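Asker: Residues in the sequence shown are numbered from 1 upward in steps of one, following UniProt numbering. For glycine and all other residues, C-beta sits at the position ideal for the given N, C-alpha and C. Note that the structure is a prediction, hence the values are computed from the model and not measured.
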Amino acid sequence: MFRKQPLSKEKALSRLAALCAKAEYCTGDMEDKMRRWGLDAEAIRENIDYLVGHQYIDNVRYCKAFVNDKIACNHWGRRKIEQALWMKHIPESVSAPVLDAVPQEVYVRVLRPLLDAKRPTIKAESDYERQMKLIKFALGRGFDLDEIKLCL
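1) State buried or exposed for K22, treating a residue as buried only when at least 16 other CB atoms are found within 10 Å of its CB.
2) Are the beta-carbon atoms belonging to V102 and V67 less than 8 Å from one another?
3) Which residue marks the beginning of the alpha helix (DSSP H) containing E105, and which one marks its end?
4) Determine the extent of the alpha helix (DSSP H) in which F66 is found, giving its start and end residues.
5) Pull up the distance between the alpha-carbon of G142 and that of E92, whole angstroms please.
6) Where I44 and D29 are concerned, what is the direct C-alpha to C-alpha distance, given to the nearest angstrom?
7) Helix, strand or coil for G140, going by three-state DSSP, please let me know.
8) Using DSSP with H/G/I as helix, E/B as strand and the rest coil, what is Q55?
9) CA-CA distance, residue 160 and A84?
10) Can you tell me the Cα-Cα spacing of C20 and E82, whole angstroms?
11) With distances taken Cα to Cα, identify the nearest neighbour of V94 among D144, G53, R61 and C73.
12) Quick one: grab the DSSP three-state call for A43.
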């Protein structure tokens, strides 16, 4: 019924700069926003170049913050974080060094309390079945089998 007019390139740029001043965003997030606002590909590219050039957007900075938040707050493992970064169109050349910088002990420190809290809630007839359910739970959270074995 009512059709929204697409934003101008300049208006979109000012909105994006305001958003980036408040929180961390990656280039993929900003491209998606501009596409939803109805900007053409050329305007999107120019706005992204401006935001990156003036350090409103930095994928490495975003990736570091994202990884730290997902480990500390969401209790995710490396695999799940990798998938989330891939969904946000962060190149592996950016995400891999950031993920490699996180030592395995950090993941183990996050995983151990998760498994300790989950263990009493699992209904299993044998210890083997309980272990398998815990492993499936931890794998679903994105942890590696090596980290899981250290915690069980």
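Answerer: Taking the geometry as given:
1) Answer is exposed; the Cβ neighbour count stays below 16.
2) yes
3) Q104 to K118
4) N59 to A72
5) 17 Å
6) Distance between the alpha carbons of I44 and D29: 12 Å.
7) helix
8) For Q55, the secondary structure class from DSSP, reduced to helix, strand or coil, is coil.
9) Not covered by the structure: residue 160. The range shown for the chain is 1 to 152.
10) 23 Å
11) R61
12) Three-state DSSP puts A43 in a helix.
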